[in-house]
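Undergrad:
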Amino acid sequence: MKMLNLKLKEIPLIRDSSTFLWFYYDKRREIDFIFKREDGNYLGIEVKYKPEVFKRIEINKVKNYIILSKDTFELEDRIAIVPISIFLALIKSSDFHL
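Residue numbering for the sequence shown is 902 to 999, as defined by the numbering used here.
#1: With which residues is Gly945 paired in a DSSP beta bridge?
#2: Using the rule of at least 16 other Cβ atoms within 10 Å of the residue's Cβ for burial, across every protein chain shown, is Leu991 buried or exposed?
#3: How should Glu931 be labelled, buried or exposed, when 16 other C-beta atoms within 10 angstroms of its C-beta is the threshold for buried?
#4: If you draw a straight line from the C-alpha of Tyr943 to the C-alpha of Lys951, how long is it?
#5: Can you give me the start and stop residues for the alpha helix (DSSP H) that Ile982 sits inside?
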């Protein structure tokens with residue numbers, strides 16, 4: 902019986918160019934998650950599990966943001982601050998089964 906020598910390479914999902922989820926950071930800013938919507942637009946998701954949160958996110962290609970907080974609930978034009986408990990109760994199961 903002949904053995905086949907297969908070289909398998911593990912490629913993390915986050916490095917796949919077709920992935921739906923990224924993160925961003927530079928010297929001044931970071932976004933915990935950047936979600937690519939079906940329409941091609943990006944949604945920034947920042948986790949700030951604190952009683953008070955500050956809106957200081959601004960990345961050119963990301964137009965809308967959700968900031969997940971401990972208790973704060975605020976809705977503005979492009980930023981929604983939502984308690985994590987409410988966010989988790991409203992999201993559907995992932996189609997990607999991470």
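Idealized CB from N, CA, C, for every residue including glycine. Keep in mind it's a predicted model, so treat the numbers as computed, not measured.
TA: This is what the structure holds:
#1: Taking the first residue of the sequence shown as position 1, residue 945 is located at position 44. Per DSSP, Ile935 and Tyr966.
#2: For the purposes of this step, residue 991 is taken as the residue at position 90 of the sequence shown. Residue environment analysis places Leu991 among the exposed positions, since fewer than 16 neighbouring C-beta atoms fall within 10 angstroms of its C-beta.
#3: Counted from its first residue, the sequence shown places residue 931 at position 30. Counting other Cβ atoms within 10 Å of its Cβ, Glu931 stays below 16 and is therefore classed as exposed.
#4: Here residue 943 is taken as the residue at index 42 of the sequence shown, counted from 1. Here residue 951 is taken as the residue at index 50 of the sequence shown, counted from 1. Spanning the two alpha carbons is a distance of roughly 25 Å.
#5: Looking up residue 982 in the sequence shown gives position 81. The continuous stretches of alpha helix (DSSP H) do not include Ile982, which lies in the beta strand (DSSP E) extending over residues Ile980 to Pro984.
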